[in-house]
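Residue numbers (my numbering): 57 to 196.
C-beta: ideal position from N, C-alpha, C; glycine also.
Please read all numbers here as calculations on a predicted model, not as lab measurements.
Data block below; observations after.
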Amino acid sequence: MNRKARAVWQGTGKEGTGHLTSDSGVLSSTPYSFKTRFENEKGTNPEELIAAAHAGCFTMALAFQLQGAGFTPNELATEAVVSLEQEGSGFAIKKSALTLNANVPGIDRAKFEELARAAEKNCPVSKVLNAEITMDFTLA
């Protein structure tokens, strides 16, 4: 399975602008720039997209872990916060912090934590990130 997205950039790093397009059409000439990345201009940025990918991947992986253990969640809601930090003269993504709120009937805390930790460790996006990954959760 291969998934594709394209970036087009025009101009300098600070003053230029770009847009992102994915084959699915979810991103369609979606703007990104220095201002969408380092300020609060409307548009997206690579870190936001990585955060969305990590939250989505982890949450789906956990749903499969729970299903395999015989549990059906009412809801799994995950926020991922990706940290971009200065490193030398450039930047690096150093951390992705997952915060999960879960409602899973009939599961005890120890079993839930075991399955959530396995999902955090084994989701494909976690595996590709060369960053510290943390995961906190609340189980209702």
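- Task: Look at the Cβ atom of Leu171, then the Cβ atom of Ala125, and state whether they are nearer than 9 Å.
- Result: As a working note, residue 171 is residue 115 in the sequence shown. As a working note, residue 125 is residue 69 in the sequence shown. A contact, by the Cβ cut-off of 9 Å.
- What's the gap between the Cα of Ala63 and the Cα of Arg173? Position 7 of the sequence shown holds residue 63. Position 117 of the sequence shown holds residue 173. C-alpha separation (whole angstroms): 34 Å.
- Message: Are there any heavy atoms of the ligand NAP lying less than 8 Å away from the beta-carbon of Val184, as far as the coordinates show?
- Response: As far as ligands go, the structure on display features none, and thus does not contain the ligand NAP.
- beta strand (DSSP E) containing Ser188: first to last residue? Position 132 of the sequence shown, counting from 1, holds the residue named residue 188. Correcting the residue type first, residue 188 is Glu in the shown sequence and not Ser. Segment Glu188 to Leu195, the beta strand (DSSP E) holding Glu188.
- Evaluate Met191 with the Cβ neighbour count: other Cβ atoms within 10 Å of its Cβ, from every protein chain shown; 16 or more gives buried, anything less gives exposed. The count along the sequence shown starts at 1 and reaches residue 191 at position 135. Buried, by the Cβ-count rule.
- Message: Could you tell me the alpha carbon to alpha carbon distance between Phe120 and Ala133, rounded to whole angstroms?
- Response: Walking along the sequence shown from the start, residue 120 turns up at place 64. Walking along the sequence shown from the start, residue 133 turns up at place 77. Roughly 15 Å between the two C-alpha positions.
- Task: Kindly indicate which residue of Lys183, Cys179, Trp65 and Pro129 has the alpha-carbon position closest to the one of Ala196.
- Result: As a working mapping, residue 196 is identified with position 140 in the sequence shown. Sorting Lys183, Cys179, Trp65 and Pro129 by C-alpha distance to the C-alpha of Ala196 places Pro129 at the top.
- State the beta-bridge partners of Asn159 as determined by DSSP. Looking up residue 159 in the sequence shown gives position 103. According to DSSP, Asn159 bridges with Glu131.
- Rounded to a whole number of angstroms, what is the C-alpha to C-alpha distance between Gln123 and Ile106? The sequence position of residue 123 within the sequence shown is 67, counting from 1. The sequence position of residue 106 within the sequence shown is 50, counting from 1. Their backbone Cα atoms lie some 26 Å apart in a straight line.
- Message: Within the continuous alpha helix (DSSP H) that includes Ser182, where are the two ends?
- Response: As a working mapping, residue 182 is identified with position 126 in the sequence shown. Its alpha helix (DSSP H) spans residues Pro180 to Val184.
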